[in-house]
Amino acid sequence: MLNGRTTLRTAVVALAVAAMIAPACAAHADPTPEELQARIDQGNKEVELVVEQYNKVNGDLEATQAAITKLQADLLPLQASMQAARDDAATVAVNAYKTGGNLGTWSLMLGARSTDAFTDRVGTLRQISRSQQRDLAAYGTAKDAFDAEQRRLNDTLATQSQQKIELETRRKKIEGDIARLDELQRKAEAAAAAAKAKPKTTTTTANPGKPPAVSGSAGKAVSYAWAQLGKKYVWGAAGPNTFDCSGLTMMAWKAAGVSLPHNAAQQYQKVRHISRSQLAPGDLVFYNGLGHVGIYIGNNQIIHAPNSRTVVKVAPIDIDSLYGYGRPG
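Taking mature numbering (1 follows the signal peptide of the UniProt record, and there is no 0), I'd label the letters of the sequence shown as residues -29 to -1, 1 to 300.
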């Protein structure tokens, strides 16, 4: 009896251990090629969003640098105007001194060490004519404008510095994410080969022939995109030999004389929104919460630059979760 109970207890314990071990082993089993590909696809979507954020910051930074250049150019005539006004004020002071103005007052004025002090002291003199007072007022206005522009320039520089920090942080994140996806791709291919299964390929798509016959500006954009088929994807690139998704669509429409930002979300904001039934070659198709964009070429197909493990290629329009459609120009 005792031996029977002991045996029963031992059997129950063995079954419990087996039950715990079985799922643990399953949980640590190598993922299938399909599971790895699902991880890669999800990772691609996440990286696309970060890449497009990077592109936006980079575009903002270029705009800031252009604004700084313009401000510096605008300051040159303002500086010349300020100097001319100051010279006029000095002439007024000297002439008044020569004609017998109050020596002590003019000495104080001419001894001013700053332009502010100089103007304040000149303003106390009653001997100056109205025209001369207008010249001095113009000088004060010019100096105020100069100071305001200088403050704006300093603020812009501070913003630019912050953008550079954000840009570097995003660059490192993108590079790390892409490296992890590349490693997953290698594992997926190895797993597929071991299972003698055909993996979901991301190899080069050959140029399928002549581009579709499309007229007008849209035709120029489609022809440009078609000519890039087979070129490598590189994030942040906009040609001539490598592209990311929004870099490709930006350059395609630039060839047609239309300016677009290097960012999918900003492109969507700039184009005229249309429905799927209105799609025509040259229109842009947006995906993944505005993390991806391609150019429509007709027959339910797009040309796009997918990810770092492949190239610019033709793909079905429903290749990813659709967000919307837009027509540049």
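By construction, the Cβ of each residue, glycine as well, lies at the ideal position given by its N, Cα and C atoms. Given the structure is predicted, the values throughout are model-derived calculations rather than measurements.
In this structure, DSSP gives Thr220 a helical state, which the three-state scheme calls helix. For Gln24, the closest alpha carbon among the candidates Glu139, Pro4, Leu47 is that of Glu139. Distance between Val28 and Ile268, taken at the CA atoms: about 29 Å. Annotation for Val256: the continuous beta strand (DSSP E) segment containing it runs 255 to 258. From the listed residues Pro4, Ala235, Gln156, Leu293, the smallest Cα separation to Val21 is found for Ala235.
Residue pairing for Gln156: DSSP places it in no beta bridge.
Your pair Gly297 and Asn26 does not check out as a contact, with CB atoms roughly 17 Å apart and the cut at 8 Å.
Pairwise C-beta distances place the stretch 32 to 51 out of contact with the stretch 179 to 196, as fewer than three of them are shorter than 8 Å. Annotation for Val264: no alpha helix (DSSP H) segment contains it, though the beta strand (DSSP E) segment containing it runs 263 to 269. Counted as a single uninterrupted DSSP element, the stretch harbouring Ala286 is not any alpha helix (DSSP H) but the beta strand (DSSP E) occupying residues 284 to 287. Under DSSP, Phe117 forms no beta bridge with any residue.
Bounds of the alpha helix (DSSP H) holding Gln240 are 235 to 241. In the DSSP assignment, the residues bridged to Arg298 are Arg243.
Close CB contacts of Gly228 within its chain, under the 7 Å cut and outside five residues either way in sequence, are with Ser188 (chain order). Within its own chain, the residues whose Cβ lies closer than 7 Å to the Cβ of Ala226, once the five positions on either side in sequence are excluded, are Lys191, Ala192, Tyr195, listed in chain order. The straight-line gap separating the alpha-carbon atoms of Val285 and Arg243 is approximately 24 Å. Gln237 is not a Cβ neighbour of Phe257, given a cutoff of 9 Å. Sorting Asn270, Asp115, Pro277, His233 by C-alpha distance to the C-alpha of Lys202 places Pro277 at the top. For Gln272, the uninterrupted beta strand (DSSP E) segment begins and ends at 272 to 275. About 13 Å separates the beta carbon of Arg157 from that of Gly14, a gap too long to meet the 8 Å contact definition. By the neighbour-count definition (other C-beta atoms within 10 Å, threshold 16), Ser248 is an exposed residue.
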